[in-house]
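See below for the structure under consideration.
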Amino acid sequence: MFILNEAIIFPDVELADEEGLLAIGGDLSTERLLLAYKKGIFPWYNEDEPICWWCPDPRFVLFPQELKVSKSMQTVLNNGSFRFTINKAFDKVIANCKSVTRKGQDGTWIQPEVIEAYTKLHQSGFAVSAEAWAAGELAGGLYGVLLGNVFFGESMFSKKSNASKFAFINFVRYLQKQNIKLIDCQIYTSHLESLGAKMIDRQLFSEILAKEI
Numbered sequence: 017m018f019i020l021n022e023a024i025i026f027p028d029v030e031l032a033d034e035e036g037l038l039a040i041g042g043d044l045s046t047e048r049l050l051l052a053y054k055k056g057i058f059p060w061y062n063e064d065e066p067i068c069w070w071c072p073d074p075r076f077v078l079f080p081q082e083l084k085v086s087k088s089m090q091t092v093l094n095n096g097s098f099r100f101t102i103n104k105a106f107d108k109v110i111a112n113c114k115s116v117t118r119k120g121q122d123g124t125w126i127q128p129e130v131i132e133a134y135t136k137l138h139q140s141g142f143a144v145s146a147e148a149w150a151a152g153e154l155a156g157g158l159y160g161v162l163l164g165n166v167f168f169g170e171s172m173f174s175k176k177s178n179a180s181k182f183a184f185i186n187f188v189r190y191l192q193k194q195n196i197k198l199i200d201c202q203i204y205t206s207h208l209e210s211l212g213a214k215m216i217d218r219q220l221f222s223e224i225l226a227k228e229i
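Quick note: to get the working numbering, add 16 to the position in the sequence shown (first position is 1).
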């Protein structure tokens with residue numbers, strides 16, 4: 017197990033254990049987070065634990081051109097029930113990702129220090145949010161980190177049925193127009209698999225990052 021200190025470095029991702037855990041410790045400084053994402057590493061840990069850094073193999077990703085939209089979601093996209101925006105409510109999105117309960121989960125890993133760190137990334141132009149609004153209220157959204165031609169998704173939430181899917185689909189379409197080559201979804205979910213995400217080898221993932229960031 018690699019223990020990080022104040023030095024802004026990470027071990028080779030191939031040294032991660034079977035679950036993808038690579039290192040513990042360090043901090044959530046902007047410099048360290050940007051280095052981590054460039055290498056395909058992300059922080060994920062529970063309250064009262066040291067920061068854990070992960071790079072799982074295989075990796076769950078979505079190639080924007082492979083986005084799948086069901087007929088029912090196409091109806092939602094077209095019926096005007098939601099309005100889509102980008103970077104209009106980053107603070108509210110990350111706060112809701114922390115507070116909105118999810119089926120099968122007791123809590124969230126998004127702690128105050130995480131909110132502070134990603135808000136700094138947002139203020140520096142690296143972290144972005146996408147929002148779905150209903151009747152003027154924030155109904156769903158997502159946030160993540162955008163580096164080069166890769167978007168690293170972090171978390172999403174929904175207060176109304178299909179709101180997060182609406183935000184995600186519109187955001188993927190936007191990213192495709194911006195020539196974004198890959199969306200990192202980190203860990204498998206059936207929700208994102210239904211939208212076209214799939215597993216790829218960590219080596220291929222790392223090769224794409226090296227080329228596109």
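The beta carbon of each residue, even a glycine, is placed where N, CA and C say it ideally should be.
Note that the structure is a prediction, hence the values are computed from the model and not measured.
1. Just to confirm my understanding: we take G36, look at its own chain, exclude 5 residues before and 5 after, and list those with CB closer than 7 Å. What are they?
2. Look up V166 in the DSSP assignment and give the residues it is bridged to.
3. Note down, in chain order, each residue of its chain lying with its Cβ closer than 7 Å to the Cβ of S97, except the 5 sequence neighbours on either side.
4. Whose CA, out of Y159, N21, L83, F184, lies closest to the CA of R14?
5. Hey, is the stretch 107-118 in contact with the stretch 169-189, meaning 3+ C-beta pairs nearer than 8 Å?
6. What is the residue span of the beta strand (DSSP E) that V144 lies within?
7. Counting beta carbon pairs with one atom in the stretch 48-59 and one in the stretch 80-89, are three or more of them shorter than 8 Å?
8. Quick one: using the 10 Å Cβ neighbour count with 16 as the cut-off for buried, is S180 buried or exposed?
Quick answer:
1. On the sequence shown, position 20 is the one that residue 36 refers to. Here the set comprises W70, C71, P72, D73.
2. Translated into the one-based positions of the sequence shown, residue 166 becomes position 150. Answer is L163, L198, bridged to V166.
3. On the sequence shown, residue 97 is found 81 positions in, with the first residue counted as 1. The answer, listed in chain order, is A150.
4. This structure cannot speak to residue 14, because the chain is shown only from 17 to 229.
5. Short answer: they touch.
6. Taking the sequence shown and counting its residues from 1, one reaches residue 144 at position 128. In this chain, the beta strand (DSSP E) harbouring V144 covers 143-150.
7. Of all C-beta pairs linking the stretch 80-89 to the stretch 48-59, fewer than three are shorter than 8 Å, placing the two stretches out of contact.
8. The residue given as residue 180 occupies position 164 in the sequence shown. Counting Cβ neighbours within 10 Å, S180 comes out buried, since at least 16 surround it.
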